[in-house]
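K.L.:
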Amino acid sequence: MIEWLEEYLIKSKKTLLMVTHDRYFLDRVCNVILELSDNELYRYEGNYEYFLEKKQNREYSAKMNSEKARNLLKTELDWIRRMPKARRHKAKSRIESFYDLKEKAANKPDEKSININVNISRMGSKILELKNVSKTYDEKVLLKDFTYLFNRYEKAGLIGRNGTGKTTLLDIITGLTEPDKGSVERGETIVFGYYRQQGIEFDNEMTVIDAVKNIAEKVVISDGNVLSITQFMNYFLFPPEKQYTLIRKLSGGEKRRLYLMTVLMKNPNFLILDEPTNDLDILTLNILEEYLAGFRGCVIVVSHDRYFMDKVVDHIFEYKGEGIIKDFPGNYTQLREKQKENEKEAPIVKPSKKSGSEESAEISIGREKKHGLTFKEKKEFELLLNEIGNLESEKKLIEIEMSRGDLNNEELLSRSQRHGEIMKILDEKELRWLELSEK
192 MIEWLEEYLI KSKKTLLMVT HDRYFLDRVC NVILELSDNE LYRYEGNYEY
242 FLEKKQNREY SAKMNSEKAR NLLKTELDWI RRMPKARRHK AKSRIESFYD
292 LKEKAANKPD EKSININVNI SRMGSKILEL KNVSKTYDEK VLLKDFTYLF
342 NRYEKAGLIG RNGTGKTTLL DIITGLTEPD KGSVERGETI VFGYYRQQGI
392 EFDNEMTVID AVKNIAEKVV ISDGNVLSIT QFMNYFLFPP EKQYTLIRKL
442 SGGEKRRLYL MTVLMKNPNF LILDEPTNDL DILTLNILEE YLAGFRGCVI
492 VVSHDRYFMD KVVDHIFEYK GEGIIKDFPG NYTQLREKQK ENEKEAPIVK
542 PSKKSGSEES AEISIGREKK HGLTFKEKKE FELLLNEIGN LESEKKLIEI
592 EMSRGDLNNE ELLSRSQRHG EIMKILDEKE LRWLELSEK
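Numbered by my numbering, the letters in the sequence shown go through residues 192 to 630 in order.
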């Protein structure tokens, strides 16, 4: 539906004023971006990609100007202090310039950011296994014989039309709903963090900090340190003055950010995010994407934000209807490209005067050309994509750990050896993937 709306608006002659965090939509449809930042409105004559480039230039320029003003302020301050009081009336204009300079130097660019580095619970070898899971509501089939075995560090997207049963599958995985038949086996060490579409009902008359303290009094972050709730809330752009605000006074986006914080502070190792991008601003989305890219656990995401899906997931569960789910090894854009390619290649059925045996032979040849991989090779190809994605995530995490500089010699040697092993394995698997992709 979003793709259809994009095409409609691109062709439309109407003037459009739109508020959205959908970055692909902004990039394709908009030719002017208005940014509201620090009580100022900035105008960019271009799409979202152009906006990002010019915004970066503007912020860099503002930062440099602020630094120049601070350096000059030091010189002027020294002059003010050394100048005899009796002569100050003669340099009135310079003194006024000094105070203007002081104001400029105090105007630091907004450098707010969310630093999500919560700890995750240890994950054992057994993750999650679904066997022949089926679910029906009022004769509507939502799941039909769905079987899947989750591996470590797997990041899956879940897509399908509204009402097909995506949330039902998530509820079955977490145990909130029981399947009609089939089984769900969860690893003993698995700790789910379930960010639900409807969120949780906060007491609107409570303060933000009291609502968070109802969940935990402290939080363990990735380096093993323990933070107080007040310190942890600062990570999520809830400064002390905001922490004592009543929840009913928060914006929709602030409430969603508060909810996300309450999910992550439980240190989950299996994150399930049902429409996490709704109401979250682009800054928060960027940080969440970076966090999920290096997350040392499993992730399932349901989202209509194609940009978010492309950055986070390594394969897609696609609802095909009637409870059937197909697994596609790739991100959302790759899936759509494949679907469009299949639509173009779909044969146009015309009446044929050829004999049945001739037609069968031609169909058989056509199939051989279209499907160059055997069934076994297809399975291998799909598995390779998952394995390569998992290895890339592990490599990135090791590089982050090695760059922090807090590992001892033994740990550094161990990480370095593992990094070398991963590079070697990646070379082999990528080579094999290329061989299969050419077929």
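Just so you know, even glycine gets a beta-carbon here, dropped at the ideal spot from N, CA and C.
By a C-beta neighbour count over all protein chains shown, 10 Å radius and 16 as the cutoff for buried, is K326 buried or exposed?
P.N.:
So K326 ends up on the buried side.
K.L.:
Residue range of the alpha helix (DSSP H) that N577 falls in?
P.N.:
Here the alpha helix (DSSP H) through N577 covers F566 to R595.
K.L.:
May I ask you to verify whether the stretch 508–518 touches the stretch 347–362, counting CB pairs closer than 8 Å and requiring at least 3?
P.N.:
Touching, yes.
K.L.:
Who does F376 pair with in a DSSP beta bridge?
P.N.:
It should be noted that the sequence gives Glu, not Phe, for residue 376. E320, per the DSSP bridge assignment.
K.L.:
Give the straight-line distance between the Cα atoms of S605 and G596, rounded to the nearest whole angstrom.
P.N.:
Cα to Cα, S605 sits roughly 14 Å from G596.
K.L.:
Taking 9 Å as the threshold (C-beta atoms), are Y385 and I463 in contact?
P.N.:
It is a contact, given that the beta carbons lie within the stated cut-off.
K.L.:
Thinking C-alpha only, which one of K457, V503 and N458 is nearest I478?
P.N.:
Comparing Cα positions, the closest option is V503.
K.L.:
Can you look up D618 in the DSSP assignment and give me helix, strand or coil?
P.N.:
It is helical.
K.L.:
How many Å lie between I556 and E226 at the Cα?
P.N.:
Here the model assigns I556 a pLDDT of 42, short of 50, so the residue's position is not dependable, and the following value carries that caveat. Rounded to the nearest angstrom, the two C-alpha atoms are 56 Å apart.
K.L.:
What's the C-alpha gap between Y241 and N522?
P.N.:
The alpha-carbon atoms of Y241 and N522 are separated by roughly 24 Å.
K.L.:
If we ignore side chains and look at the alpha-carbon of each, how far apart do T421 and K570 end up?
P.N.:
The straight-line gap from Cα to Cα measures roughly 49 Å.
K.L.:
Taking all protein chains shown into account, do 16 or more other C-beta atoms lie within 10 angstroms of the C-beta of M452, making it buried, or fewer, making it exposed?
P.N.:
Under this definition M452 is a buried residue.
K.L.:
Who are the near neighbours of S374 in its chain, counting only those whose CB is closer than 7 Å to its CB and skipping five residues on each side?
P.N.:
These residues qualify, in order along the chain: K322.
K.L.:
Thinking C-alpha only, which one of N230, K246, D229 and E231 is nearest G237?
P.N.:
Closest option to G237, Cα to Cα, is K246.
K.L.:
Could you spell out the range, first to last residue, of the alpha helix (DSSP H) harbouring T359?
P.N.:
Its alpha helix (DSSP H) spans residues K357 to T365.
K.L.:
Is the beta carbon of M456 closer than 9 Å to that of V382?
P.N.:
It is not a contact, given that the beta carbons lie outside the stated cut-off.
K.L.:
Which residues mark the beginning and the end of the alpha helix (DSSP H) in which R527 is found?
P.N.:
Run containing R527: Y523 to E536, per the alpha helix (DSSP H) assignment.
K.L.:
Hey, Y498 and R219 are a contact pair by Cβ (cut 8 Å); roughly how many whole angstroms apart?
P.N.:
Between R219 and Y498 the Cβ distance is about 11 Å, and since that is not below 8 Å, they are no contact.
K.L.:
Report the rounded CA-to-CA distance for K202 versus P467, giving the unit in angstroms.
P.N.:
Between K202 and P467, the C-alpha separation is close to 30 Å.
K.L.:
Identify, in the order they occur along the chain, each residue of the same chain with its Cβ nearer than 6 Å to the Cβ of S584, setting aside the five sequence neighbours on each side.
P.N.:
Same-chain partners within the cutoff: Y344.
K.L.:
Taking the Cβ atom as the reference point for each residue, do F572 and L582 lie within a distance shorter than 9 Å?
P.N.:
It is not a contact, given that the beta carbons lie outside the stated cut-off.
K.L.:
Would you mind reading off the limits of the beta strand (DSSP E) that contains Y235?
P.N.:
Per DSSP, Y235 belongs to the beta strand (DSSP E) from E231 to Y235.
K.L.:
So V490 and L483 are in contact, right, with Cβ under 8 Å, and what is the actual spacing, rounded?
P.N.:
About 6 Å separates the two Cβ atoms, so the contact holds.
K.L.:
Starting from F393 and walking both ways along the alpha helix (DSSP H), at which residues does that stretch end?
P.N.:
Here F393 belongs to no alpha helix (DSSP H), and DSSP marks it neither H nor E.
K.L.:
Count the C-beta pairs between the stretch 600–614 and the stretch 524–537 that are closer than 8 Å, then say yes if the count reaches three, no if not.
P.N.:
Segments in contact, no.
K.L.:
Could you check the C-alpha separation between I400 and E231 for me, to the nearest Å?
P.N.:
Rounded to the nearest angstrom, the two C-alpha atoms are 30 Å apart.
K.L.:
Please classify W624: does DSSP put it in a helix, a strand, or coil?
P.N.:
Of the three classes helix, strand and coil, the one that applies to W624 here is helix, per DSSP.
K.L.:
In chain order, what residues of the same chain have a beta carbon less than 8 Å from the beta carbon of Y435, not counting five sequence neighbours either side?
P.N.:
Closer than 8 Å at Cβ, skipping near neighbours: T398, V399 and I400.
K.L.:
In the DSSP assignment, find the unbroken beta strand (DSSP E) run with E151 in it and report its ends.
P.N.:
A question about residue 151 goes unanswered here, because the residues of the chain that appear run from 192 up to 630.
K.L.:
Taking all protein chains shown into account, decide if R313 is buried (16 or more other Cβ within 10 angstroms of its Cβ) or exposed.
P.N.:
So R313 counts as exposed.
K.L.:
Whose CA, out of G378, G351 and K346, lies closest to the CA of K317?
P.N.:
Nearest option by C-alpha distance: G378.
K.L.:
Assuming E509 contacts G351 under a Cβ cut-off of 8 Å, what Cβ separation, rounded to an integer in Å, is found between them?
P.N.:
The Cβ separation is near 6 Å, so the contact holds.
K.L.:
How should P430 be labelled, buried or exposed, when 16 other C-beta atoms within 10 angstroms of its C-beta is the threshold for buried?
P.N.:
The residue is exposed, with fewer than 16 neighbouring Cβ atoms inside 10 Å.
K.L.:
Could you spell out where the alpha helix (DSSP H) holding I420 opens and where it closes?
P.N.:
Unbroken alpha helix (DSSP H) run through I420: I420 to Y426.
K.L.:
What span of residues does the alpha helix (DSSP H) with K446 cover, start to end?
P.N.:
Here the alpha helix (DSSP H) through K446 covers G443 to L455.
K.L.:
Considering only residues of the same chain and omitting the five flanking positions on each side of K561, which have a CB-CB separation below 6 Å?
P.N.:
Reliability fails at K561, whose pLDDT of 43 lies under 50, so the model's placement of it is uncertain and no value is given.
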